[in-house]
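Protein chains in written order, with this note's numbering: chain A, 110 to 499; chain B, 110 to 499; chain C, 110 to 499; chain D, 110 to 499. All residues carry an ideal CB built from backbone N, CA and C; glycine is no exception. This one's a predicted model, so the numbers in the text were calculated from it and none came from an experiment. Notes for the one structure printed next.
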């Protein structure tokens with residue numbers, strides 16, 4: 110068995126146009142593929158250091174503008190134009206329609222109700238009793254552990270250590286607030302240092318593994334839905350009956366009835382999101398603004414709740430328990446990504462909650478449009494069958 | 110309440126550089142944000158028609174090259190270099206390391222074991238008995254329904270109609286194979302036509318809604334894990350003990366033991382993926398190749414299974430029950446996206462299963478690297494504490 | 110370490126009053142406990158052979174009579190008086206109240222919509238490809254496998270073999286109808302023989318384990334909710350507005366609104382049953398009638414669905430996807446258990462579906478009563494606070 | 110529509126032999142069923158007051174004795190003989206076999222690691238912001254709320270109030286320790302009084318519903334698995350290799366390998382219990398000892414974890430996160446039930462943790478036996494095919 114050739118790297122400076130071109134040429138030789146557009150990037154490769162390795166160029170993801178979306182949040186206030194990066198036709202148009210329905214109904218309220226980003230070490234013991242007692246020790250030494258963990262970060266704060274004893278192990282979640290960063294690395298480092306301190310200072314010197322797989326990083330989980338991961342954000346608005354009829358061509362009563370049917374469908378299928386399609390808006394907004402798109406896995410979870418009001422309007426909300434987002438660090442500072450954050454007034458320090466509110470508002474807008482389309486389509490189909498054929 | 114200004118559109122030709130520039134200027138006026146890099150796209154806006162609305166430019170997502178990855182699949186065979194679009198530093202390097210461990214162990218076997226893409230109408234009846242009997246009628250008329258549904262598509266094939274009766278409703282999943290397309294639209298249209306036919310031809314003329322929320326499109330679900338959505342793909346390889354030690358600095362025994370601990374963590378947390386981080390590789394590969402990144406929500410679900418072998422090697426596999434991907438349609442034909450598919454030899458007709466195999470192989474590579482890092486880090490930390498300080 | 114004394118057994122006849130008394134005496138010596146009531150059983154120990162080992166007497170579980178409950182099912186028709194064995198005060202009274210609300214509203218429709226009892230062997234292979242191909246072989250040889258499996262039973266019928274490939278294994282569910290028996294043993298034997306035949310006749314002679322843990326016997330699972338285990342049964346009725354007001358002191362509008370709130374609670378908590386308390390009625394009815402009470406674990410799963418009707422009445426239903434019950438075999442023939450089945454007209458051959466319908470109807474009655482009590486309590490509390498105390 | 114006759118009741122004294130006989134006679138007239146054994150109860154009907162309504166007699170559930178089971182818990186210490194009430198043949202024998210394997214391996218350690226019984230009111234607000242701020246108020250007024258709640262009970266202690274904001278609502282779980290009672294009623298009353306106090310004293314006078322359906326009473330839930338309901342109990346022991354071979358006819362290596370396969374099956378099926386059959390032992394023990402058998406729904410949830418040790422022995426544990434049990438109140442004081450608790454030395458005050466430990470130990474014993482039987486059966490079947498038939 111011969112080994113395939115390694116990808117060319119340059120130890121001195123791997124983030125140059127030349128080096129990227131070298132790799133593209135390597136690919137052309139190996140696969141015949143010509144990376145013409147990939148290579149035609151308008152950015153300086155040097156700025157991608159820390160965000161990518163073996164840089165060859167950029168993926169050109171089409172950006173569309175949705176909105177305006179009127180938000181009346183704690184942090185996000187005003188009319189927003191939202192850049193969405195997607196290749197799914199109609200997505201931008203559909204979200205725009207939902208935004209219009211929301212705006213014409215008076216706007217959406219948005220609220221961040223909890224912050225909690227985790228790293229989740231598991232501690233190993235001889236038996237369950239040791240594990241339980243270690244848990245007690247964790248509680249009584251929380252202040253000291255917090256001090257140790259927070260010594261590694263300027264913005265991370267250790268709020269609590271959740272405990273889940275199983276067998277002779279103690280699974281934990283170290284829960285932090287992380288300022289304007291998403292916080293996976295920050296919490297990883299802080300927790301590592303705390304664990305090392307625990308290993309040294311607890312009488313049993315317990316072995317541990319830095320991830321007991323309950324973080325649950327880059328994956329949906331019941332635990333995230335229950336305990337929150339990142340930010341728990343709620344968006345809610347009251348759809349005016351007239352807007353429903355005229356713009357969305359649905360009746361609030363149908364929306365309400367469908368909510369029952371969809372909730373049952375959600376329970377029957379065990380789905381992570383009980384609304385229409387959070388992931389679409391999340392992915393498009395995350396790619397545009399330099400968020401980690403893998404976090405769509407966690408962030409798309411959520412619960413939709415509606416209520417038909419006495420006056421015929423329809424209260425509509427979405428609760429997202431695991432929004433992972435940042436306005437600082439990660440990909441947020443890259444050129445096009447930063448520009449998109451700036452469109453939202455969400456770049457940099459002190460903007461993370463504002464951005465999280467925008468995220469939830471966008472998700473709600475997408476659900477408003479798609480749900481209505483599904484129902485109006487039903488009406489259309491009824492119309493076609495029973496109307497013209499009569 | 111005054112309305113915010115609408116986004117400028119051009120009814121005649123909305124996909125021109127001028128129109129995009131107009132919108133960027135509009136944004137500058139409204140928000141102050143200057144879309145310099147967003148506007149510096151190297152593609153013709155005209156090619157984005159059908160993929161985006163209100164085009165303003167492109168998101169520049171850094172592309173890195175990982176590999177080589179030796180795959181010994183049914184459709185994917187050979188050494189692959191994998192373009193990954195991400196802004197998460199170390200991701201490309203880490204996946205590359207996992208690919209090397211796999212390749213040096215002889216490569217990864219990949220198998221697509223099931224195809225099933227759905228649209229999921231719910232039919233409404235007076236009582237459960239009617240719903241059940243309608244279900245019987247569906248079964249006995251499947252050939253005719255198939256004929257109707259397939260009349261709308263050249264590549265979609267209706268395989269079966271799953272039935273889930275609840276209350277006085279019949280929730281169904283119309284399950285298709287969809288050729289090289291992901292198939293959401295194809296199955297939507299085919300199912301709509303089939304439903305209209307059912308409504309006309311079944312004695313009860315049943316009302317229906319085209320989505321009963323069990324598709325479960327753009328969201329993770331237990332149903333997807335059980336019944337498959339898109340493609341169910343398995344990647345498996347045997348990690349050689351020597352490679353584990355030398356390249357990954359872990360012992361297969363530790364990997365095996367950790368598998369137990371992580372499986373328990375996965376059960377305790379109710380996570381959608383029992384391995385390390387499928388979503389990272391999926392998102393990066395999906396963005397690079399013009400897949401719908403929102404499908405990370407569904408596709409990241411999966412089950413990891415390992416086995417310590419008598420000879421000290423470690424069998425390692427990942428089963429992904431809901432890989433949604435395409436090599437035709439959607440964003441696959443856009444310039445940079447097509448180039449990336451071509452790097453993999455996966456562009457166009459007859460390539461979807463090959464690409465799905467690459468997807469699973471990449472996910473496995475990422476897990477190999479991260480899992481080992483978590484464990485070696487444990488070892489490292491032990492070393493730091495117990496080694497140098499002695 | 111000395112061993113504790115073994116429980117006295119009699120190899121010749123272990124099911125006599127003498128032998129039971131001997132064991133009670135043994136217990137008195139070892140623990141001081143005097144089994145006076147346990148020993149005062151009115152049945153012949155000989156009849157318990159096949160149902161218990163080391164017989165010492167009987168648990169005296171109080172039986173109360175609930176009803177009448179008007180059922181308008183396919184198999185259960187008429188007014189039923191329902192024996193419930195429980196030690197939870199108010200349970201019988203509460204179920205009776207729900208039954209009255211149902212009966213006064215015209216009775217409950219009940220429908221068994223699916224039968225499927227499983228044994229779930231897992232087959233082990235070298236790789237996923239072998240496992241997948243074995244799955245194809247299973248499909249093409251289903252008739253022969255059915256013949257083999259059904260050779261072991263007079264009433265069991267093998268309907269299908271569900272397949273769930275993971276890693277290099279094929280998890281399967283052999284799905285049967287089992288006549289009037291619950292069928293765990295029947296399906297176990299039939300599947301074992303089928304597996305042995307497969308192992309002998311398939312070219313690969315695949316190893317297997319008779320349970321791959323997806324049966325999922327004596328435990329709740331998403332798979333049961335989706336695929337059915339035992340019987341999937343639906344009970345539904347329309348609560349008349351007047352009955353709601355007068356008997357239950359709730360308004361259908363409140364019930365409907367609460368349905369939304371409880372559905373959200375169910376999704377938030379990931380609960381196995383989205384109604385009020387199926388397990389109470391199930392346990393009480395199962396113990397009374399000689400069902401396996403452990404099956405409450407599976408059978409309590411379900412979905413509640415309600416709809417407010419134009420005329421102010423409230424459509425209320427419960428769907429139970431995993432009712433495990435029998436009117437033949439198991440504990441059904443024991444003296445008090447048989448008598449209770451006879452009260453329902455459900456003893457013996459051809460009665461299982463009728464009994465399953467009664468089960469679902471009883472569950473619905475319990476939910477009607479408790480849900481209303483929760484809401485009326487809310488009203489009461491409001492009344493206390495805002496009414497009389499003012 | 111004529112109404113069916115009501116069940117005869119006696120307002121003055123409904124708990125007499127005469128009144129029970131009257132109802133049995135009523136049943137004979139209505140259904141033809143003769144309640145001979147049901148009527149031959151050896152207890153005084155008067156003692157069932159508070160446990161049943163419309164008393165007609167008792168269900169005679171066969172009791173078998175399993176054991177001895179050596180327990181080395183915190184509270185349960187020594188060799189236990191365990192009364193099990195069941196109608197499933199072989200259950201007692203199988204549990205006894207598992208108990209023997211445990212005892213011969215040195216006994217089982219048992220640990221109660223958490224206490225938390227809930228009532229879960231939901232509070233209703235205008236918007237999410239109000240709900241969130243109310244949550245903050247709850248935290249800052251916890252001491253006062255605790256005082257109010259605990260004023261209603263001598264043994265209940267309010268530990269914390271978990272918060273789950275969704276939409277414009279705050280779902281909560283009031284978490285208590287409840288002494289030797291299961292505590293559903295105690296926590297219901299205490300929480301009701303606390304809610305009334307909140308409604309009166311919080312500036313917004315918030316509406317609430319006493320159950321927002323996340324208790325999750327009498328039903329399995331992810332929330333119970335994560336947050337505990339009742340008692341979280343762990344049982345663990347090390348199966349000696351020799352005992353495995355000689356008594357159970359399995360090899361620890363096979364047990365360990367099967368653990369992987371069953372864990373995958375558990376994840377694939379989304380099952381509530383990742384071991385073999387907790388519900389069997391729970392139901393039998395609960396019925397025998399006057400527990401609420403409906404709680405099998407919650408209590409059967411759990412996680413199995415095993416580890417192959419260097420010396421060839423096998424560490425085996427089960428973690429039960431939602432054991433609901435009592436040694437005081439409910440059905441525990443009824444004659445046969447009390448006798449069975451006395452056999453275990455678990456009747457009355459101060460015994461609840463001891464009893465919970467016995468529960469977990471019994472569950473583990475059942476899994477040891479059944480799991481081994483499944484695997485040895487595999488071996489047996491191999492033997493039959495490949496051995497004698499050759």
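- For residue 252/A, the number of other beta carbons within 10 angstroms of its own is below 16, and it is reported as exposed.
- Separation of the CB atoms of residue 471/C and residue 390/C is rounded to 5 Å, and the pair is thereby assigned contact status at 8 Å.
- Against chain C, the CB of residue 291/B has no partner CB under 8 Å away; the residue lies outside that interface.
- For chain B, the residues of the segment 373-400 of chain D that bring a beta carbon within less than 7 Å of one of its beta carbons are 373, 375, 376, 377, 379 and 383, in chain order.
- A distance below 8 Å separates the beta carbons of residue 432/B and residue 408/B.
- By the rule that beta-carbons nearer than 8 Å mark a contact, residue 423/D does not touch chain A.
- Contact check for residue 326/A against residue 329/B fails: the beta carbons are separated by 8 Å or more.
- Taking all protein chains in view, the Cβ of residue 127/A is surrounded by fewer than 16 other Cβ atoms within 10 Å, so the residue is classified as exposed.
- Any Cβ of chain D closer than 8 Å to the Cβ of residue 220/A would place that residue at the interface, and such an atom is present.
- For residue 279/B, the uninterrupted beta strand (DSSP E) run begins and ends at 278-286, by DSSP.
- Residue 274/C has 279/C as its beta-bridge partners, per DSSP.
- Here the C-alpha atom of residue 132/B lies approximately 21 Å from the C-alpha atom of residue 443/A.
- Taking 8 Å as the CB threshold, residue 207/B stays off the interface with chain A.
- If you keep only unbroken alpha helix (DSSP H) runs of at least 4 residues inside the segment 149-233 of chain A, you get 200-213.
- Contact residues of the segment 344-363 of chain C toward chain D are absent (C-beta to C-beta distance below 9 Å).
- Sorting 274/A, 339/A and 240/A by C-alpha distance to the C-alpha of residue 288/A places 339/A at the top.
- In terms of Cβ geometry, residue 224/C and residue 286/C form a close pair [threshold 8 Å].
- At a C-beta separation below 7 Å, residue 275/A has these neighbours in chain D: 412, 414 and 428.
- Taking each of 238/D, 405/D, 154/D and 445/D in turn and checking the Cα distance to residue 143/C, the smallest one comes out for 445/D.
- DSSP places residue 252/C in the helix class (H, G or I) of the three-state scheme.
- With contact defined as three or more Cβ pairs closer than 8 Å, the segment 273-286 of chain A and the segment 241-250 of chain A are in contact.
- Contact of residue 170/A with chain B by beta-carbon distance below 7 Å involves 167, 168, 170 and 396.
- Under the three-state reduction of DSSP output, residue 309/B falls in the helix class.
- Contact annotation for residue 338/B against chain D: no contact, minimum CB-CB distance about 15 Å [criterion: below 8 Å].
- The continuous stretches of alpha helix (DSSP H) do not include residue 400/B, and DSSP gives it neither H nor E.
- Identification of chain C residues near residue 448/D by a Cβ-Cβ cut-off of 8 Å yields 142, 143, 144, 145, 146 and 147, ordered along the chain.
- Taking 8 Å as the threshold, the shortest C-beta distance from residue 175/A to chain B falls below it.
- Annotation: the continuous alpha helix (DSSP H) that includes residue 374/A extends over 361-378.
- Looking from the CA of residue 311/C, the closest CA among 438/C, 233/C, 152/C and 170/C belongs to 233/C.
- At least one CB of chain D lies nearer than 8 Å to the CB of residue 329/C.
- Between residue 473/D and residue 427/D the beta-carbon gap is near 5 Å, inside 8 Å, which marks them as a contact.
- The secondary-structure analysis by DSSP pairs residue 340/C across a beta bridge with 224/C and 432/C.
- Residue 268/C carries a strand assignment under DSSP once its states are collapsed to helix, strand and coil.
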